[in-house]
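Beneath this line is the structure, given in structure tokens, with notes to follow.
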Amino acid sequence: MEILNEISQLIQKGNAKLAPEKVKEALSSGISAETILNDALIQAMSVVGEKFKNNEIYVPEVLIAARAMKAALEVLKPILTETGVKPIGKVVIGTVKGDLHDIGKNLVAMMMTGAGLEVIDLGVDVAPEKFCEAVKSYNPQIVAMSALLTTTMPNMKATIEKLQEQGLRDKVKVIIGGAPVTESFAKSIGADGYAPDAASAAELAKKIVQGAA
Numbered sequence: 011m012e013i014l015n016e017i018s019q020l021i022q023k024g025n026a027k028l029a030p031e032k033v034k035e036a037l038s039s040g041i042s043a044e045t046i047l048n049d050a051l052i053q054a055m056s057v058v059g060e061k062f063k064n065n066e067i068y069v070p071e072v073l074i075a076a077r078a079m080k081a082a083l084e085v086l087k088p089i090l091t092e093t094g095v096k097p098i099g100k101v102v103i104g105t106v107k108g109d110l111h112d113i114g115k116n117l118v119a120m121m122m123t124g125a126g127l128e129v130i131d132l133g134v135d136v137a138p139e140k141f142c143e144a145v146k147s148y149n150p151q152i153v154a155m156s157a158l159l160t161t162t163m164p165n166m167k168a169t170i171e172k173l174q175e176q177g178l179r180d181k182v183k184v185i186i187g188g189a190p191v192t193e194s195f196a197k198s199i200g201a202d203g204y205a206p207d208a209a210s211a212a213e214l215a216k217k218i219v220q221g222a223a
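So the sequence shown is numbered by the working numbering: it starts at 11 and just counts up by one.
Written as structure tokens, this is what we have:
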């Protein structure tokens, strides 16, 4: 459908002003909110994610596209809630204790939202206890942790241990990422997965909630 393609293009180009208008237009022409979500918004962000992974675009372009996607999603949210369209899964995300970096984490959160997941963002400097409280409150399938400093990486392990201690570890999959983080570090602390970039993190989360990982 031409209008869905137009919405997708507007999001990819980061047009946060026109994308929501086009979404309203699509809705008034009788296209369902779910179709717009899947065939325009999620489709656009998967193209953006692919280009980002292939180094065809960079962080600023992804942030601009994600902002446009968010603006378009605001129009759809009330209708999706009304019609009972549920997100494909739920993720609690945060930058670990002692670390105040949030660009990478925000990027991952946006990409995950763009992949159809509900994201509970705990922000930065998140203590292990706070991750545990969020798991109890929101019952997510995934806990995603970010660290940008080698000095804060041990707090990822501390969080996993705290989840274990509180009997929550079996209820969630833990995925981690951030510049100094590696696949072998993820394995060494008992995480379930590692992603080298935001697009891969969203893909991994999607696979986990769909039972493919």
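Where is the CB? At the ideal position from N, CA and C, for every residue including glycine.
All values reported here derive from a predicted model rather than from experimental measurement.
Boundaries (first-last residue) of the alpha helix (DSSP H) holding residue 17: Locating residue 17 in the sequence shown gives position 7, where the first residue counts as 1. 12-23 is the extent of the alpha helix (DSSP H) around residue 17.
Any idea what DSSP makes of residue 226, helix, strand or coil? Residue coverage of the chain in this structure runs from 11 to 223, which leaves residue 226 outside it and unanswerable.
Strand pairing of residue 131, partner residues [DSSP]: As a first step, residue 131 must be located in the sequence shown, where it is residue number 121. Looking at the DSSP assignment, residue 131 forms a beta bridge with 103.
Comparing alpha-carbon positions, which option in 92, 58, 112, 131 lies nearest residue 209? In the sequence shown, counting from the first residue as 1, residue 209 sits at position 199. The candidate whose alpha carbon is nearest that of residue 209 is 58.
Decide if residue 133 is buried, meaning its Cβ has at least 16 other Cβ atoms within 10 Å, or exposed. Here residue 133 corresponds to residue number 123 of the sequence shown, with the count starting at 1. Its Cβ having fewer than 16 others within 10 Å, residue 133 is exposed.
Residues near residue 144 by beta carbon distance below 7 Å, same chain, minus five either side: By one-based count along the sequence shown, residue 144 stands at place 134. Counting only Cβ-Cβ distances below 7 Å, and skipping sequence neighbours, we find 102, 130, 132.
By Cβ distance, which residues of its chain are closer than 6 Å to residue 196, with the 5 residues on each side in sequence left out? Along the sequence shown, one-based indexing puts residue 196 at 186. The answer, listed in chain order, is 186, 204.
I'd like the list of long-range same chain contacts for residue 110, defined as Cβ closer than 7 Å, with 5 residues on each side in sequence excluded. Sequence index remark: in the sequence shown, residue 110 carries index 100 (1-based). 134, 135, listed in sequence order.
Any contact between the stretch 89-98 and the stretch 110-130? By contact I mean 3 or more CB pairs, one from each, below 8 Å. yes
Status (buried if at least 16 other CB within 10 Å, exposed otherwise) for residue 115: Taking the first residue of the sequence shown as 1, we reach residue 115 at position 105. Residue 115 should be labelled buried.
What are the uninterrupted segments assigned as beta strand (DSSP E) that are 3 or more residues long and contained completely in the stretch 131-200, given in chain order? 152-156, 183-187
Taking the alpha helix (DSSP H) that residue 206 belongs to, which residues open and close that run? On the sequence shown, position 196 is the one that residue 206 refers to. It is not in any alpha helix (DSSP H) - residue 206 carries neither H nor E in the DSSP assignment.
Give a yes or no on whether the minimum CB-CB distance between residue 177 and chain D is below 8 Å. Any reference to chain D falls outside this structure, which holds one protein chain only.
Unbroken alpha helix (DSSP H) run spanning residue 91, endpoints: For the purposes of this step, residue 91 is taken as the residue at position 81 of the sequence shown. Unbroken alpha helix (DSSP H) run through residue 91: 69-92.
I think residue 29 touches residue 76, with their Cβ atoms under 8 Å apart; what is that distance to the nearest whole Å? Taking the sequence shown and counting its residues from 1, one reaches residue 29 at position 19. Taking the sequence shown and counting its residues from 1, one reaches residue 76 at position 66. No, residue 29 and residue 76 are not in contact; Cβ-Cβ is about 11 Å, not under 8 Å.
Do residue 20 and residue 32 come within 8 Å of each other at the CB atom, strictly closer than that value? The residue given as residue 32 occupies position 22 in the sequence shown. The residue given as residue 20 occupies position 10 in the sequence shown. For residue 32 and residue 20, yes; Cβs fall inside 8 Å.
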